[in-house]
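In the numbering used here, the protein residues as written are 9 to 361.
Even for Gly, the Cβ is constructed at its ideal location relative to N, Cα and C.
Since the structure comes first, as C-alpha cells, the remarks are kept for the end.
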C-alpha cells in the first residue's frame with residue numbers, strides 16, 4: 009500500500025497564510041482610541057495592550073490616578089483590552105492655553121442615591137490646582153488666582169448648554185463661573201478623584217473657552233484661563249460703529265463672550281447670530297459698519313482678525329472713535345504687521361432717531 013502525504017497548501021480549500029503572532033489579537037470589538045497618561049509603570053516608546061488581567065502589573069495600581077481610572081473605566085465597560093501609552097508627566101504645562109478666554113463654567117453633578125457619608129468623603133477631598141499650586145476646600149488664598157460666582161440654571165448665558173450628567177441618578181449640585189484675575193495665563197484643574205471610585209461626584213468644565221481640555225474622566229476637569237483684561241465700559245457708548253475692515257477678510261466675531269461667527273466679514277452680514285439683534289453692512293469702499301438693534305441691552309464685542317493687515321490706522325485717528333468705546337487696539341499686534349490683531353468695543357442700546 010502506498011502512503012501519500014498531501015501538501016496542505018495545494019489541497020482544495022486550504023491556503024497557507026504564513027506565521028502570524030496572534031498574542032495581541034482581540035477579535036472584532038468597537039474601536040477604542042489610544043489612551044495616553046501618566047502611570048507608575050509602562051512603556052514610553054509604543055502602545056501596550058492592557059486588560060483587566062494585567063492592568064495592575066503593567067501600569068501599577070493607582071486608584072486615585074485619573075489616567076488609571078480612565079483605563080479601568082474603559083475596561084469595565086466590557087472592552088476586553090485597550091491600547092495605552094505612558095507619557096512623562098508635564099504638570100500644568102500639559103494644559104494648552106491656545107485660544108484661551110478669561111473664564112470657564114463648571115457644573116458639579118452628585119449621585120442622589122449615594123449615602124450621605126460617602127458624599128462627604130468625596131467633597132472633603134476635592135482639590136483645585138492653579139498653575140501647579142494645590143488647594144483643598146474653600147481656601148481664601150484661591151482668590152489670589154480666580155474670582156468665582158455660583159450661577160443658576162436660568163442664568164446661564166444664551167447659547168451655552170450645560171453638559172449632560174455622565175450617569176443616571178445624577179442631578180446638578182452647583183454651577184460655578186471661574187474667571188482669571190492674574191495678569192498671565194492660568195492653568196486650572198478641578199480634581200474630584202479621591203474617594204470617588206464609584207463616581208458619586210462629577211465635575212465638568214464648559215463654556216466658550218477653546219482651552220477646555222477634553223477628557224473622558226468626569227472626576228477631573230482642566231482648562232486654561234487667559235489673563236485678566238480691563239472691563240469694557242459701555243457708559244455713553246453709541247449704538248453704531250464703522251470700522252475699516254476688508255469685507256473679504258477673515259474674522260472671528262465674539263458678542264458678550266460668545267463666538268457667534270468665524271469667516272469672511274461680508275458673510276457675517278447674512279449670518280444668523282440669534283439671540284443677538286445686530287445690523288451689519290459691508291462695502292468694499294467704505295468698510296464695515298455695525299449697529300446694535302436691541303433697545304434694552306448693550307453689546308460687548310470683540311473682533312479678531314484671522315489674516316494679515318486686518319485693521320488700518322484710520323480706526324485710531326478717524327471719527328469712528330466717537331461711535332463706541334474701544335479697548336486694546338494696540339495691545340495684540342502681529343509680529344509681521346503694524347496693525348492690531350483684534351479690537352474690543354461696546355455698542356450702546358438702540359435708540360430710534
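Residue i, DSSP secondary structure in three states
i: residue 37; result: Interpretation of residue 37 is limited by its pLDDT of 41, a score under 50 that renders its predicted location unreliable; the figure taken from the coordinates is listed afterwards. Note: residue 37 maps to coil in three-state DSSP.
i: residue 63; result: helix
i: residue 313; result: strand
i: residue 121; result: coil
i: residue 51; result: coil
i: residue 150; result: helix
i: residue 129; result: helix
i: residue 201; result: coil
i: residue 299; result: strand
i: residue 269; result: strand
i: residue 275; result: helix
i: residue 168; result: coil
i: residue 332; result: Bear in mind that a pLDDT of 41 at residue 332, under 50, signals an unreliable position, so the number given afterwards is only what the model happens to contain. DSSP places residue 332 in coil when its eight states are reduced to three.
i: residue 163; result: helix
Classification of residue i by the beta-carbon crowding that lies within 10 angstroms, buried from 16 upward
i: residue 227; result: buried
i: residue 75; result: buried
i: residue 201; result: buried
i: residue 109; result: buried
i: residue 146; result: exposed
i: residue 206; result: exposed
i: residue 360; result: exposed
i: residue 225; result: buried
i: residue 89; result: buried
i: residue 106; result: exposed
Span of the beta strand (DSSP E), counted from its first residue to its last, around residue i
i: residue 288; result: 286–291
i: residue 207; result: Where residue 207 is concerned, there is no enclosing beta strand (DSSP E), given that its DSSP letter is neither H nor E.
i: residue 359; result: It is not in any beta strand (DSSP E) - residue 359 carries neither H nor E in the DSSP assignment.
i: residue 245; result: Segment: none, residue 245 is in no beta strand (DSSP E) and carries neither H nor E.
i: residue 191; result: Segment: none, residue 191 is in no beta strand (DSSP E) and carries neither H nor E.
i: residue 92; result: 90–94
i: residue 45; result: 43–45
i: residue 142; result: 141–144
i: residue 260; result: 258–263
Own chain residues within Cβ distance below 6 Å of residue i, not counting five before or after
i: residue 135; result: 142, 144, 199
i: residue 60; result: 83
i: residue 129; result: 203
Distance between beta carbons of residue j and residue i, contact taken as under 8 Å
i: residue 299; j: residue 350; result: About 21 Å; that fails the 8 Å criterion.
i: residue 279; j: residue 254; result: Actually they do not touch by this definition, with Cβ atoms about 17 Å apart.
i: residue 118; j: residue 190; result: No, residue 118 and residue 190 are not in contact; Cβ-Cβ is about 30 Å, not under 8 Å.
i: residue 137; j: residue 197; result: 4 Å
i: residue 104; j: residue 154; result: At roughly 19 Å, the Cβ-Cβ gap does not stay under 8 Å, so residue 104 and residue 154 are not in contact.
Residue i, enclosing alpha helix (DSSP H) - first and last residue
i: residue 81; result: 74–84
Residues near residue i by beta carbon distance below 8 Å, same chain, minus five either side
i: residue 161; result: 170, 180, 183
Nonlocal neighbours in the same chain, by C-beta distance under 7 Å from residue i, ignoring five residues either side
i: residue 276; result: 261, 269, 288
i: residue 243; result: none
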